[in-house]
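Top to bottom, those sequences are chains B and L.
Residue numbers for the first sequence follow numbering that gives the first Met the number 0, beginning at 0 and rising by one.
Residue numbers for the second sequence follow numbering that gives the first Met the number 0, beginning at 0 and rising by one.
Where a beta carbon is used, it is the ideal one built from N, C-alpha and C, also for glycine.
If you're wondering where the values come from, they're calculated on a predicted model, not measured in any experiment.
As structure tokens, the structure follows; a few thoughts come after it.
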Amino acid sequence: MIDKLAKAEDPRHEQLVDEPIVVAYFLLALGYLALSMLAGLLMATQLVHWNPLNGIELLSPGRWRMIHTNVVAYGFLANAFLGALHWSVPRLVLKPVLDRRLSWFILVAWQVVLLCTFFGIVFGPTLQANIAALERLPFSLGAQGIEWGETPTWIDPLALAGLLLVAVNFMGPIVRTKGPMYVSAWYFIAAFVWTFLTYAMGNFLPQYWLAGTSAGAVGGLFIHDLVGLFVTPLGWGLVYYFVPILLQKPIWSHGLSLVGFWGLAFFYPLNGIHHFLYTPIPMFLQYGAIISTIAVEMVVTTVIVNFFATIWGSGRQLITNLPVRWFYTGMVFYGLTCLQCAMQTTLTFQALIHFTDWVVGHAHMVMFGVFSLWLLGIMTYLFPRLWRTEWYSKELLEYHYWLSSVGLLVMAADLILLGPFQGYYWASLQPWEVSVDGSQPFWMLRVFAGLAMLAGQLCFFYNIYMTWRRSRAQGVPVSTGTQQAPPAEVAPQA
Amino acid sequence: MFESKSGVFLIAGLGFFAFAFLSNALVPALMYRDLPEKTTAQLVEENSNLMYQFENLANRYPEQFEKYYGEVTEEKCAEALELGRRTYVSEACWHCHSQFVRPVSREEDRWGPVSRTEEYQNVLQRPVMFGTRRIGPDLSREGGRRGNDWHAVHFFQPTMVSTGSPMPAYPWFFDGSPDKPNKRGIALITYVQWLGSWLESYPYYEDFKPIPLPEEIKESIEKEAEESQES
Ligand code: HEM
Numbered sequence: 000m001i002d003k004l005a006k007a008e009d010p011r012h013e014q015l016v017d018e019p020i021v022v023a024y025f026l027l028a029l030g031y032l033a034l035s036m037l038a039g040l041l042m043a044t045q046l047v048h049w050n051p052l053n054g055i056e057l058l059s060p061g062r063w064r065m066i067h068t069n070v071v072a073y074g075f076l077a078n079a080f081l082g083a084l085h086w087s088v089p090r091l092v093l094k095p096v097l098d099r100r101l102s103w104f105i106l107v108a109w110q111v112v113l114l115c116t117f118f119g120i121v122f123g124p125t126l127q128a129n130i131a132a133l134e135r136l137p138f139s140l141g142a143q144g145i146e147w148g149e150t151p152t153w154i155d156p157l158a159l160a161g162l163l164l165v166a167v168n169f170m171g172p173i174v175r176t177k178g179p180m181y182v183s184a185w186y187f188i189a190a191f192v193w194t195f196l197t198y199a200m201g202n203f204l205p206q207y208w209l210a211g212t213s214a215g216a217v218g219g220l221f222i223h224d225l226v227g228l229f230v231t232p233l234g235w236g237l238v239y240y241f242v243p244i245l246l247q248k249p250i251w252s253h254g255l256s257l258v259g260f261w262g263l264a265f266f267y268p269l270n271g272i273h274h275f276l277y278t279p280i281p282m283f284l285q286y287g288a289i290i291s292t293i294a295v296e297m298v299v300t301t302v303i304v305n306f307f308a309t310i311w312g313s314g315r316q317l318i319t320n321l322p323v324r325w326f327y328t329g330m331v332f333y334g335l336t337c338l339q340c341a342m343q344t345t346l347t348f349q350a351l352i353h354f355t356d357w358v359v360g361h362a363h364m365v366m367f368g369v370f371s372l373w374l375l376g377i378m379t380y381l382f383p384r385l386w387r388t389e390w391y392s393k394e395l396l397e398y399h400y401w402l403s404s405v406g407l408l409v410m411a412a413d414l415i416l417l418g419p420f421q422g423y424y425w426a427s428l429q430p431w432e433v434s435v436d437g438s439q440p441f442w443m444l445r446v447f448a449g450l451a452m453l454a455g456q457l458c459f460f461y462n463i464y465m466t467w468r469r470s471r472a473q474g475v476p477v478s479t480g481t482q483q484a485p486p487a488e489v490a491p492q493a
Numbered sequence: 000m001f002e003s004k005s006g007v008f009l010i011a012g013l014g015f016f017a018f019a020f021l022s023n024a025l026v027p028a029l030m031y032r033d034l035p036e037k038t039t040a041q042l043v044e045e046n047s048n049l050m051y052q053f054e055n056l057a058n059r060y061p062e063q064f065e066k067y068y069g070e071v072t073e074e075k076c077a078e079a080l081e082l083g084r085r086t087y088v089s090e091a092c093w094h095c096h097s098q099f100v101r102p103v104s105r106e107e108d109r110w111g112p113v114s115r116t117e118e119y120q121n122v123l124q125r126p127v128m129f130g131t132r133r134i135g136p137d138l139s140r141e142g143g144r145r146g147n148d149w150h151a152v153h154f155f156q157p158t159m160v161s162t163g164s165p166m167p168a169y170p171w172f173f174d175g176s177p178d179k180p181n182k183r184g185i186a187l188i189t190y191v192q193w194l195g196s197w198l199e200s201y202p203y204y205e206d207f208k209p210i211p212l213p214e215e216i217k218e219s220i221e222k223e224a225e226e227s228q229e230s
């Protein structure tokens, strides 16, 4: 692969990467991140009685809680992934995406899906209650009762079509490469297939085909596959791509990469039912899910070992190279969540912590602590390259890093600690209010941790804006990935 | 095979996904295929507890009930149940309340019998409302635990009946005051009263003492006054 990159006739960056679309996806993603955080804050303040907007229909905390999770998954993560893929896939396989116009069409279509989701969840129930014609519709305009699949039923087909187009657009160049492929490409291919299948399974089966307990099993698969088969493989694929480039050395062990990928592919989809232990779902399926979860633990450990072995000897980079620090901080959180997971998947422990804030702490550590940190690291690395100028302020970048990572650490530790408290309050059969009152100090701390995370992002936004202004002032060229001859003086970045 | 496009696409992408789907989704579906999925009409028909509460709503809020539902019929009750569930989903009540009683942590003592598969085999559990988070208590045995007035006031402003409650207020289920639930309000109360009311032996319904209606209170006060005058 490395000698191949060196060949003179290979396409250059300018012929491969459509830079404006990468920028567009990143900026959209950050906008959704801010929106999602505001939604999270609304619910967080509601829980500690600080919500001044309680009782306003369009700001119903429940609706905004669904906005919080959906916008983060489909608005922030999906858009940021697409941006990063538009950079890395063409450079990895040395071919541009299938069709540049299709890329832009997908970008617009996906934002339409998101806007409809937002509109449906927030305005749908209100409109349907007040307009007679809408009231008679046989389906709900508002949220669908599937966790992380709250996208209203009437948008699901459109979202699915969007996912299909994404797969086609990126699979185009991947399919045309010959021979064995690099790890990242395995993860990407699998992720395109899985995301499509998962979305279809989770949104349609429990709605139109199954009811009751068996639908619960599908719901469990869906929640888990969305994390494990959409977010995780894209995230891993990207770090497998960026970490060796940043550290300028290959991944430590190709063999471990193989174990990691194939282990994840086999065991991860079998985990879903561990979300519904002690439900009426048959016990042997619950045991099956627990055993597969433990298998995933081991697999994931090999991947983490592989990455830490890669950075071994280059530890100083963690201090000097900010993107590397983002990646490895995420990696540490990944290790922690997996440790947590090993505990929470056992029946004994789950009896205590299921339904508590332990799980919410876990969710934030995975979604923000791991995947968002990686994506923010990628953005920290790419914005200067996209705009061909230095960051406006290194100091603001540090603020972004520290506020995000420490904010997250405080939030996650706080909630994870709260979990067992709640579990014991409940098991002790004291009145319910005791558990709610006991949670107050923890919930208050969560609000402040959330504010810190949000403040970190605001530093980043300002920095991006100033960097963009600087690059505009310098009038640098932009690569659109069309077949133009590269300017001689710009060397391709490895 | 392990590093090739077709290997990844066919084996990992399609094959392993299909295997997991067959073993984890299709198996329970096949196991429960003989349990009939009940329609809303069937649920109402066989449940006198529910009709009792629905009628109670009609007596308690006659004007509002008349305006939004008209008569107390099984069809109207089914309509209210469906709208109630739709509201329950779209306001994300299910993100703060679960609907299953686990056989652990003494949940049986707190809420009543452990949940069983048959209970979920109906259209109102499509998609199923197990839930994954409890900020408020489990609701699968909520029916009959409280009176309709309690629920009305609680939805209007939870802190009025439950000090320190973090549950959001839902004034938009009412026409201005807690004694005037609108269509969604009546529907949601019906839905909440339905939860658990299908159980054959169910302590809350057996011991249920409704909050007296306003006229009944007036009557009893008058009667008392008469009695005290007589003596
Ligand atoms: C300003 C920062 C944030 C605040 C204040 C916040 C607050 C919240 C709150 C209050 C909930 C509901 C918890 C419950 O039901 O008990 C929640 C859930 C969730 N949040 Fe956040 N959040 C923030 C940022 C994020 C970010 C950046 C992500 C992902 C990248 C995220 C992912 C999630 C997920 C996945 C859940 C669902 C947890 C579950 O159902 O178990 N949050 N958040």
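At the level of alpha carbons, what is the spacing between residue i and residue j?
i, j, result
"residue 93 of chain L", "residue 12 of chain L", "32 Å"
"residue 151 of chain B", "residue 161 of chain L", "33 Å"
"residue 220 of chain B", "residue 21 of chain L", "12 Å"
"residue 2 of chain B", "residue 9 of chain B", "Confidence is the limiting factor: at residue 2 of chain B the pLDDT is only 46, short of 50, which leaves the residue's position unreliable, though a coordinate-based value still follows. Cα to Cα, residue 2 of chain B sits roughly 11 Å from residue 9 of chain B."
"residue 57 of chain L", "residue 68 of chain L", "9 Å"
"residue 493 of chain B", "residue 244 of chain B", "Confidence is the limiting factor: at residue 493 of chain B the pLDDT is only 39, short of 50, which leaves the residue's position unreliable and the question unanswerable from this model."
"residue 428 of chain B", "residue 131 of chain B", "46 Å"
"residue 24 of chain B", "residue 246 of chain B", "26 Å"
"residue 308 of chain B", "residue 443 of chain B", "39 Å"
"residue 215 of chain B", "residue 84 of chain L", "17 Å"
"residue 270 of chain B", "residue 287 of chain B", "8 Å"
"residue 210 of chain L", "residue 100 of chain L", "27 Å"
Does DSSP classify residue i as helix, strand or coil?
i, result
"residue 121 of chain L", "strand"
"residue 179 of chain L", "coil"
"residue 28 of chain B", "helix"
"residue 266 of chain B", "helix"
"residue 129 of chain L", "coil"
"residue 118 of chain B", "helix"
"residue 4 of chain L", "helix"
"residue 99 of chain L", "coil"
"residue 217 of chain L", "helix"
"residue 138 of chain B", "coil"
"residue 370 of chain B", "helix"
"residue 37 of chain L", "strand"
"residue 354 of chain B", "coil"
For chain L, check one thing: does any of its Cβ atoms lie closer than 8 Å to the Cβ of residue i?
i, result
"residue 431 of chain B", "yes"
"residue 440 of chain B", "no"
"residue 477 of chain B", "no"
"residue 274 of chain B", "yes"
"residue 74 of chain B", "no"
"residue 344 of chain B", "no"
"residue 189 of chain B", "yes"
For residue i, would you say it is in contact with chain B, using Cβ-to-Cβ distances shorter than 8 Å as the test?
i, result
"residue 149 of chain L", "no"
"residue 212 of chain L", "no"
"residue 120 of chain L", "yes"
"residue 64 of chain L", "no"
"residue 139 of chain L", "no"
"residue 27 of chain L", "yes"
"residue 249 of chain L", "Past the boundaries of the shown model lies residue 249 of chain L; chain L is included only from 0 to 230, so the question cannot be answered."
Can you list, in chain order, the residues of its chain whose CB lies under 7 Å from that of residue i, leaving out five sequence neighbours each side?
i, result
"residue 91 of chain B", "181, 183, 184 and 240"
"residue 217 of chain B", "200, 201, 204, 205 and 209"
Just to check my reading of the structure: residue i and residue j have Cβ atoms closer than 8 Å, yes? What is that Cβ distance to the nearest angstrom?
i, j, result
"residue 124 of chain B", "residue 86 of chain L", "7 Å"
"residue 192 of chain L", "residue 42 of chain L", "At roughly 13 Å, the Cβ-Cβ gap does not stay under 8 Å, so residue 192 of chain L and residue 42 of chain L are not in contact."
"residue 194 of chain L", "residue 142 of chain L", "5 Å"
"residue 449 of chain B", "residue 355 of chain B", "Not a contact, Cβ separation roughly 19 Å."
Excluding the 5 residues flanking residue i on each side, which residues of the same chain have their C-beta closer than 6 Å to its C-beta?
i, result
"residue 228 of chain B", "193 and 197"
"residue 79 of chain B", "28 and 374"
"residue 380 of chain B", "322"
"residue 445 of chain B", "43, 410 and 413"
Who are the near neighbours of residue i in its chain, counting only those whose CB is closer than 8 Å to its CB and skipping five residues on each side?
i, result
"residue 37 of chain B", "453"
Against chain C, which members of the segment 33-52 of chain B pass a CB distance test of less than 7 Å? Checking the listed chains, one finds no chain C in this structure; the protein chains it contains are B and L.
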